[in-house]
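Take a look at the structure set out below.
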Amino acid sequence: MMLYTSAARLARVGVLLFAASGLLVSACQGGRDGHANRATDNGPSAAPTSAPDAALPPPAATLLGCDPLDPAHCLLPFPSNHFTQAAAPGSVQSIEAGGTGLQVNFQLLQMPRNILGKPVSPAEWNRNDGFSPGAMLITYVPGLAANDDGTIPGAVSLDRLSDYLAEDAKVVVINAQTGERHPVWAEIDLNAGYFQPSPALGQPIPYLDGREPMPALIIRPARNFEEGTRYIALLRHLSDAQGQDIAASDSFAACRDQGPDASARCAALESTVFSALPDDIAREELYLAWDFTIASQNSLAGRLLHLRDDAFASLGESMDKLPGSPDYQIGAAPTFSIEQITENPREGIARRIEGHIEIPSYVIPVDPSPLEAQRNNLASIFQLLPDVLSPLYDVCRDILPLSEPCLVFRPAEAIRFASTVSLPPNRFFYRPDDGPHPLYGDSLPDRLSANATMTKPFTCNLPSAASAAQPTRPAVYGHGLLGSRSEVNSSHVTNMGALHNMMFCAMDWFGFSEGDLANVLTMLLDVSLFPTLADGAQQGMLNKMFLARLLVHPQGFAAHPAFQDEQGRSLIDTREAFYDGNSQGGIMGGPVVALSRDIHRGVLGVPGMNYSTLLRRSVDFDLYSVPMYVAYPDDLDRTLVLALIEMMWERAENNGYAHHMNTAGTDNTPLPGSPDNQLLLHVGFSDHQVTMWSADVMARTLHAPLDRAALDRNPLESQPEGEDRHPDFEEYFALDDLAIDDGARFENGAYNGSVLSIWDEPWDAVEPETRCFEDSTAAAPIGNIPPRDSGDDPHECVRREPGARCQKSHFLQRNGQVLDVRLIRSDAACPPLRD
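Positions -27 to -1, 1 to 808 (mature numbering (1 follows the signal peptide of the UniProt record, and there is no 0)) are the ones given, in order, by the sequence shown.
Written out as structure tokens, the structure is:
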């Protein structure tokens, strides 16, 4: 996810993360360990706890509203309709308003707690009408047998996905309405039992207090669950290391066996689960079963849809009509200014143009700026903790090859650094008087005033190839993890623009860019603050849509002399704008394409979706996990925290919008007021930073076929003859292969539609333009850990590969296609565009 992170940026990240972690540990010496939300039924299968005060007796668990089915944690099994309530009539969650008819109903004392004892505030979560379409199902099975790679004997695994249909499958998830099985895989959490599982501090650090590891059983969808749909999870014949079936908890056994101690929870299971069991699963063989409902389209995308419609309506656009339809009015161009023009900043680029765009603001403060109070607070932390800072300097020096970045741990440098930190709230503003909810009104974000705007900078690189006769194709560029608009000046972007006559323009991704680093830190220490990221990043998506409008509007950039030739003729092809993003820009770029009325095609470079899957499978999380794992030291809390943050994050990343991508010619439907869209997913095989497994899930959800040409052409040199390259026993399960005759395929060397394109070439910073052909990285592990020992990382290579650039160029045009690039080994070999 981290896009070619510089030493300076890594240093800024490390400073804040390690300093905050040290502060938290220092503050909590001798304190509690945050396990007070454990519940137990005192039965034979009760989960061990790691502290004497961790377990709650049954009456206390009942009073808290814990689910008695899994005594290991109050919120388990997760997600569950046990933690919902009927939506109020007329509310945004009600069926008549487009919701599921349910409302999430977490209670404060049920939630995970950080090391200071502060539970996650459920307020924003309780506005949802269901759970994530990419929800990871979580439960704890004491004594469960598992293999070293995280697979579970007898349960469907990531590398054998067709086993989800096996007659004797131990883990089954069914659609409650149709009874059909949903493709899933099961895995054990390989991070359990460590205070710090990652080697960010040198090597994994086990717990020193003698606690037993509590690895969660995690069940993930291999294709996203459908919006607004209820599912039932069924677990049976789970066995221990001796092959013996593990007994169900007393509470579930009482419900399953209809014993005399049946409770109200049993009555709910009877009507929602046991009555819907498929014929091939017997009630008496169940270890555990529960139901859960996926959030509706409104709950997932409604806020961003409203931002788009309200903001563009303020320009006079007719939002009830699609662009190009009769009587459609585009309205005025967004207000912008040009501050700086740099001639010939690098080879192939005629002008670098920098300026600002005025955008309607739905956050508070309206136009965030650094907060003096937060700067002072951070300065105080550094001043008060010299004993923490000193050892952190040594830790930093062990991790980073340069000494200069680590100087920020010295008090004088630390105070100087703190004075530059910005920590805006970035929360949506809601008028309480425009709807039925006493706090949120109609539950859609509002502008603080009719004229509330923010002014944000942009950078464009106009290629030298652009002319009035051959105008440049304009594209919005999305930067990597906590990056900035300056990434558009990187060689891989400018080379693409120069070689293929494309103008890439970028803005900082508001809510999740360099300036938000301190904000991200606070979220890792207190997950209650995580909605800040979701709100801010959605505003950032609106900002990119306004940038796209300026690329196509006749009174936008095309009307400014900076984008014209000496005769005053526009150098921009304003017929259509495109999107291209890498890493974070690939993970969060899908919603921009799905909602923009000016962008119909996008390339998502090294993409994925669903941060609850991505994080633990990324080497980048090694660093970011340090403060989060210090703050949340309990194994089950950590896994639940990742599931909870995804319920917020998916409002601003691919996971919440995937059912509305690749809408041309598939069952996926465009969001209201949105044109059809198509996406090209450029995936690095065994990517160390954005796991390829999540891109596979995304492709299945998009109904996108597979282009494995770049994988087939470059097998690992040391691979034994005849041995498959991919770790799966069924490679790319349930994806049509463009290279074979059955299903989707190339025709005349091209394919019309969205595609998952796999590239198997690592990148080396020493020789970035030549290493892409020479070596291959080893296959990624199938467990929920990063590919730390898989050789070279291909994350940076795809965007630099001539064949990938050629394929991207042919896709990012009107009526574009996915080109078969097996024979393209140089930029000169790329054929002319087919218009």
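Cβ coordinates follow ideal geometry from the N, Cα and C atoms, glycine included.
Residue i burial status per 10 Å Cβ neighbour count (16 or more: buried)
{"i": "Thr202", "result": "buried"}
{"i": "Ile125", "result": "buried"}
{"i": "Pro411", "result": "exposed"}
{"i": "Leu242", "result": "buried"}
{"i": "Thr642", "result": "exposed"}
{"i": "Phe390", "result": "Because Phe390 sits at a pLDDT of 44, beneath the cut-off of 50, its placement in the model cannot be relied upon, and the point is left open."}
{"i": "Ser797", "result": "Here the sequence assigns Ile to residue 797, which means Ser is not the residue at that position. Ile797 is buried by the Cβ-count criterion."}
{"i": "Asn788", "result": "exposed"}
{"i": "Ala668", "result": "buried"}
{"i": "Arg807", "result": "exposed"}
{"i": "Asp136", "result": "buried"}
{"i": "Ser248", "result": "exposed"}
{"i": "Phe702", "result": "exposed"}
{"i": "Lys294", "result": "exposed"}
{"i": "Leu36", "result": "exposed"}
Secondary structure of residue i, DSSP reduced to three states
{"i": "Thr445", "result": "strand"}
{"i": "Phe483", "result": "coil"}
{"i": "Ala802", "result": "helix"}
{"i": "Asn148", "result": "strand"}
{"i": "Thr586", "result": "helix"}
{"i": "Leu(-25)", "result": "Its pLDDT being 39, under 50, Leu(-25) is placed unreliably in this model, and the value from its coordinates should be taken loosely. Leu(-25): coil per DSSP, three-state reduction."}
{"i": "Thr393", "result": "Interpretation of Thr393 is limited by its pLDDT of 40, a score under 50 that renders its predicted location unreliable; the figure taken from the coordinates is listed afterwards. Coil."}
{"i": "Ala59", "result": "strand"}
{"i": "His533", "result": "coil"}
{"i": "Tyr724", "result": "strand"}
{"i": "Ile797", "result": "coil"}
{"i": "Arg807", "result": "coil"}
{"i": "Asp489", "result": "helix"}
{"i": "Phe702", "result": "coil"}
{"i": "Asn434", "result": "strand"}
{"i": "Phe401", "result": "strand"}
{"i": "Gln83", "result": "helix"}
{"i": "Arg319", "result": "strand"}
Option in the options with minimal Cα separation from residue i
{"i": "Asp121", "options": "Leu81, Leu494 and Ala165", "result": "Ala165"}
{"i": "Leu163", "options": "Ile147, Ala139 and Pro188", "result": "Pro188"}
{"i": "Pro341", "options": "Phe265, Tyr597, Pro418 and Thr428", "result": "Thr428"}
{"i": "Ser459", "options": "Phe551, Leu523, Arg325 and Gln443", "result": "Arg325"}
{"i": "Val663", "options": "Gly328, Leu615, Ser591 and Arg624", "result": "Ser591"}
{"i": "Ser782", "options": "Phe477, Gly629, Glu769 and Phe719", "result": "Phe477"}
{"i": "Ser105", "options": "Glu258, Leu37, Ala59 and Arg196", "result": "Arg196"}
{"i": "Pro700", "options": "Ser763, Asp649, Leu729 and Gln651", "result": "Ser763"}
{"i": "His452", "options": "Phe431, Leu435, Pro44 and Arg446", "result": "Phe431"}
{"i": "Gln302", "options": "Tyr113, His526, His632 and Gly63", "result": "His526"}
{"i": "Pro62", "options": "Pro52, Thr73, Val144 and Ala159", "result": "Thr73"}
{"i": "Asn399", "options": "Gln511, Pro41 and Val145", "result": "Gln511"}
{"i": "Pro92", "options": "Asn99, Trp98, Gln83 and Arg100", "result": "Gln83"}
{"i": "Met671", "options": "Gly107, Glu327 and Asp282", "result": "Gly107"}
Identity of the residues DSSP links to residue i by a beta bridge
{"i": "Asp680", "result": "Ser730"}
{"i": "Pro418", "result": "Partner(s): none; Pro418 has no beta bridge."}
{"i": "Val157", "result": "Pro194"}
{"i": "residue 819", "result": "It is not possible to answer for residue 819, since the shown part of the chain is limited to -27 through 808."}
{"i": "Cys770", "result": "In the DSSP output, where bridge partners are listed per residue, Cys770 has none listed."}
{"i": "Gly554", "result": "Gly451 and Leu577"}
{"i": "Lys91", "result": "According to DSSP, which records beta bridges pairwise, Lys91 is partnered with nothing at all."}
{"i": "Lys781", "result": "Lys781 pairs with nothing; no bridge assigned."}
{"i": "Asn99", "result": "Asn99 is not bridged to any residue."}
{"i": "Ile618", "result": "DSSP lists no partner for Ile618."}
C-beta neighbour in chain B for residue i, strict 8 Å
{"i": "Gly453", "result": "Judged by its chain identifiers, the structure shown contains no chain B, having just a single protein chain."}
Bounding residues of the beta strand (DSSP E) (the contiguous stretch that carries residue i)
{"i": "Ala70", "result": "Element bounds for Ala70: n/a, residue is neither H nor E."}
{"i": "Leu259", "result": "Leu259 to Thr266"}
{"i": "Ala206", "result": "Arg203 to Arg209"}
{"i": "Phe168", "result": "Tyr167 to Gln169"}
{"i": "Gly657", "result": "Gln651 to Gly657"}
The alpha helix (DSSP H) enclosing residue i, as first and last residue numbers
{"i": "residue 810", "result": "Beyond the ends of the chain as shown, which are -27 and 808, falls residue 810; an answer cannot be given."}
{"i": "Pro564", "result": "Gly563 to Leu568"}
{"i": "Cys228", "result": "Asp223 to Arg229"}
{"i": "Leu277", "result": "Gln270 to Ala286"}
{"i": "Gly509", "result": "Pro504 to Val525"}
{"i": "Leu110", "result": "Premise fails: Leu110 lies in the beta strand (DSSP E), Leu110 to Thr112, not in any alpha helix (DSSP H)."}
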